[in-house]
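The sequence shown runs 21 to 409 under the working numbering. Every residue, glycine too, gets a C-beta built ideally from N, C-alpha and C. All figures in this text were calculated on a predicted structure; none of them were measured in a lab. All remarks here apply to the structure that follows.
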Amino acid sequence: MLVLKPEDTRIKNAITLLHLLLKEDGISRVGLSRMTGLTKTTVSAIIKEFKDSGIVEESNQVPTGNIGKSPIPLHIRANVVYTIGVHISIERLETLLMDARMNIITHKRGEDYKKFGPEGVIDSLFSNINKIMEYAKRKEIDIGAIGIGIPGPLDAQAGIVKQPPKFKGWKDVPLGSIVQKEYGIPVWVENDANVSALAEKWLGSGRNIHNFIYILLNEGIGAGVIINDELYQGTYDFVGEIGHFLCYEQGQFKYLEDIAGVDVLLHLASSQGLRVKSLKEIAELLQQDNQVASSIVKKLATWVGSAIVNAIHMIGPQTVFIGGKMIVLGEPLIQPIREIVSHYLFGEQVVNIQFSSISSKAVQSGAGIYAMIHWLEKKEFRNLKRLIS
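Following this line, the structure appears as structure tokens:
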């Protein structure tokens with residue numbers, strides 16, 4: 021994730037090994053050498069630096085039964101850093117505490133704040149983070165960084181929330197610096213769909229998939245894009261804004277999220293005589309074969325499916341994961357999406373469309389992972405720069 025100079029091969033190699041250690045817990049030096057093509061000498065030298073800096077530890081449980089010297093399993097030290105992952109949605113805030121092996125230690129869910137402006141949301145954010153901090157203090161855990169997932173558009177490098185269409189009153193809010201000033205530790209802010217894709221990559225069904233798209237279906241609709249195992253972020257932090265794909269509806273162009281978001285679904289249901297206030301209630305009507313509910317969901321699914329077809333033709337993923345609030349709708353949502361993708365997919369592509377395996381905690385988990393990886397990279401970057409200079 022760091023921008024490295026071409027000549028800093030050693031740093032690039034270290035970052036590559038760091039990512040593999042995170043993904044392949046218990047891998048040995050021999051395994052790292054085999055997977056990367058780096059020499060055993062290079063791998064051993066970098067692992068020594070990792071051990072000296074407290075990032076990596078060797079396992080006490082060495083495999084037996086092998087002829088000769090058994091390879092020693094390596095692990096990221098779970099307590100090298102603890103991070104807080106935050107999901108700021110349009111309705112409420114959710115936080116969790118995670119260790120460096122991506123184990124979730126505790127999580128909190130905030131009160132609804134749908135009518136709040138930025139100041140009210142930030143107050144709720146501080147309240148929830150404080151609860152995590154108090155828990156960590158009782159357990160003698162030092163928190164090293166905070167990651168925040170929030171709908172875009174953003175300036176992720178500067179930690180500035182530009183003007184999310186569904187967030188009233190938000191414009192150029194320096195969220196990263198506000199939170200960093202409050203807690204005195206590094207803070208990283210990223211698009212909610214992007215960190216969801218990271219969570220699916222590290223913790224979910226995307227672990228062994230090299231290219232995929234993660235669609236986040238909430239009031240706003242976003243997408244995180246993984247290409248060659250890395251999060252693709254583009255030049256202006258506007259990658260994956262699938263909710264702003266143009267759709268031609270009733271004689272005019274409209275954005276996808278304005279005709280297919282959660283709020284639109286609930287409004288359509290109410291306008292057609294369904295007495296529902298939540299997606300769960302619509303899901304219950306679908307289970308009862310309510311034709312009005314089925315018709316509305318199918319229409320929205322068709323729009324989402326058409327956007328996914330366009331995204332597939334641009335990116336060429338192996339899989340499209342669907343997460344967010346709408347997955348509670350189940351098969352009546354995903355089946356029409358699969359049908360339109362299958363019907364309009366160009367050539368002989370075969371793309372799997374499936375629900376996210378970690379949707380309920382995807383954003384906050386991904387935000388915690390995002391902060392943790394950045395923290396580890398920054399620590400090792402400083403260590404290697406010191407050794408090289």
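message: Let me check understanding here. Comparing Cα to Cα, which of 379, 255 and 374 lies closest to residue 357?
response: As a working mapping, residue 357 is identified with position 337 in the sequence shown. With distances taken between Cα atoms, residue 357 lies closest to 374.
- request: Please work out which residues of its chain come closer than 6 Å, Cβ to Cβ, to residue 435, disregarding the five sequence neighbours upstream and downstream, and give them in chain order.
  value: Outside the shown range of the chain, which is 21 to 409, sits residue 435, and nothing can be said about it.
task: Assign residue 394 to one of two classes, buried (16 or more other C-beta atoms within 10 Å of its C-beta) or exposed (fewer than that).
output: As a first step, residue 394 is located in the sequence shown; it is residue number 374 there, counting from the start. Counting Cβ neighbours within 10 Å, residue 394 comes out buried, since at least 16 surround it.
- request: Determine the closest residue to residue 323 out of 106, 281, 111 and 79, with distance taken between C-alpha atoms.
  value: The sequence position of residue 323 within the sequence shown is 303, counting from 1. Per the Cα distances, 281.
- request: For residue 211, write down the residues that DSSP places opposite it in a beta bridge.
  value: Numbered from its first residue, the sequence shown carries residue 211 at position 191. Residue pairing by DSSP places residue 211 opposite 170 in a beta bridge.
- prompt: Around the C-beta of residue 178, are 16 or more other C-beta atoms found within 10 angstroms, so that it is buried, or is it exposed?
  reply: Numbered from 1 along the sequence shown, position 158 holds the residue referred to as residue 178. Residue 178 sits exposed, since fewer than 16 C-beta atoms from the chains shown fall within 10 Å of its C-beta.
For residue 156, the nearest candidate out of 189, 102 and 376 (CA to CA): Reading the sequence shown from its first residue, position 136 is the one you call residue 156. Across the set 189, 102 and 376, the C-alpha of 102 shows the shortest separation from the C-alpha of residue 156.
task: Measure how close the beta-carbons of residue 213 and residue 244 come, nearest whole angstrom, since I'm counting them as under 8 Å.
output: Within the sequence shown, numbered from 1, the residue matching residue 213 stands at position 193. Within the sequence shown, numbered from 1, the residue matching residue 244 stands at position 224. With a Cβ gap of about 4 Å, residue 213 and residue 244 count as contacting.
- request: State the Cα-Cα distance for the pair residue 345 and residue 238, rounded to the nearest angstrom.
  value: As a position in the sequence shown, residue 345 is number 325, starting the count at 1. As a position in the sequence shown, residue 238 is number 218, starting the count at 1. Those two C-alpha atoms are separated by around 5 Å.
message: Can you confirm whether the region 135-151 touches the region 195-205 when touching is taken to mean that 3 or more C-beta pairs between the two stretches lie within less than 8 Å?
response: Proximity of the region 195-205 to the region 135-151 meets the contact definition, three or more beta-carbon pairs being nearer than 8 Å.
Residue 171 beta carbon near the ligand NAP (any heavy atom closer than 7 Å): In the structure shown, the ligand NAP is absent, as is every other ligand, since no ligand is present at all.
message: Just to check my reading of the structure: residue 176 and residue 209 have Cβ atoms closer than 8 Å, yes? What is that Cβ distance to the nearest angstrom?
response: Counted from its first residue, the sequence shown places residue 176 at position 156. Counted from its first residue, the sequence shown places residue 209 at position 189. In this structure residue 176 is in contact with residue 209, their Cβ atoms being roughly 6 Å apart against a cut-off of 8 Å.
message: Which of the three DSSP states is assigned to residue 283 in this structure?
response: In the sequence shown, the residue the question calls residue 283 occupies position 263. DSSP, read as helix, strand or coil, puts residue 283 in helix.
message: Assuming the contact rule is C-beta atoms closer than 8 Å, residue 118 and residue 105 should be a hit. Round their C-beta distance to whole Å, please.
response: Counted from its first residue, the sequence shown places residue 118 at position 98. Counted from its first residue, the sequence shown places residue 105 at position 85. Yes, residue 118 and residue 105 are in contact; Cβ-Cβ is about 6 Å, under 8 Å.
query: Comparing alpha-carbon positions, which option in 114, 283, 97 and 38 lies nearest residue 186?
result: Taking the sequence shown and counting its residues from 1, one reaches residue 186 at position 166. Measuring from the Cα of residue 186, the nearest candidate turns out to be 283.
- prompt: Per DSSP, residue 343 is paired with what?
  reply: Within the sequence shown, residue 343 is the residue found at index 323, counting from 1. Answer is 236, bridged to residue 343.
- prompt: If you drop the 5 nearest sequence neighbours on each side, which residues of the same chain put their C-beta closer than 6 Å to that of residue 221?
  reply: Within the sequence shown, residue 221 is the residue found at index 201, counting from 1. Around residue 221: 246.
field: Beta bridge counterpart(s) of residue 242 as assigned by DSSP
entry: Against the sequence shown, residue 242 aligns to sequence position 222. Paired residue(s): 236.
message: I want to know whether the region 326-337 touches the region 293-306 - three or more CB-CB distances under 8 Å.
response: Proximity of the region 326-337 to the region 293-306 falls short of the contact definition, fewer than three beta-carbon pairs being nearer than 8 Å.
query: With a CB to CB cut of under 8 Å and the five nearest residues on each side skipped, what residues in its chain are close to residue 402?
result: Position 382 of the sequence shown, counted from the first residue, corresponds to residue 402. Excluding residues up to 5 positions away in sequence, nothing lies with its Cβ nearer than 8 Å to the Cβ of residue 402 in the same chain.
message: Relative to the C-alpha of residue 392, which candidate in 205, 59 and 51 has its C-alpha closest?
response: Here residue 392 corresponds to residue number 372 of the sequence shown, with the count starting at 1. With respect to the C-alpha of residue 392, the residue from 205, 59 and 51 having the closest C-alpha is 205.
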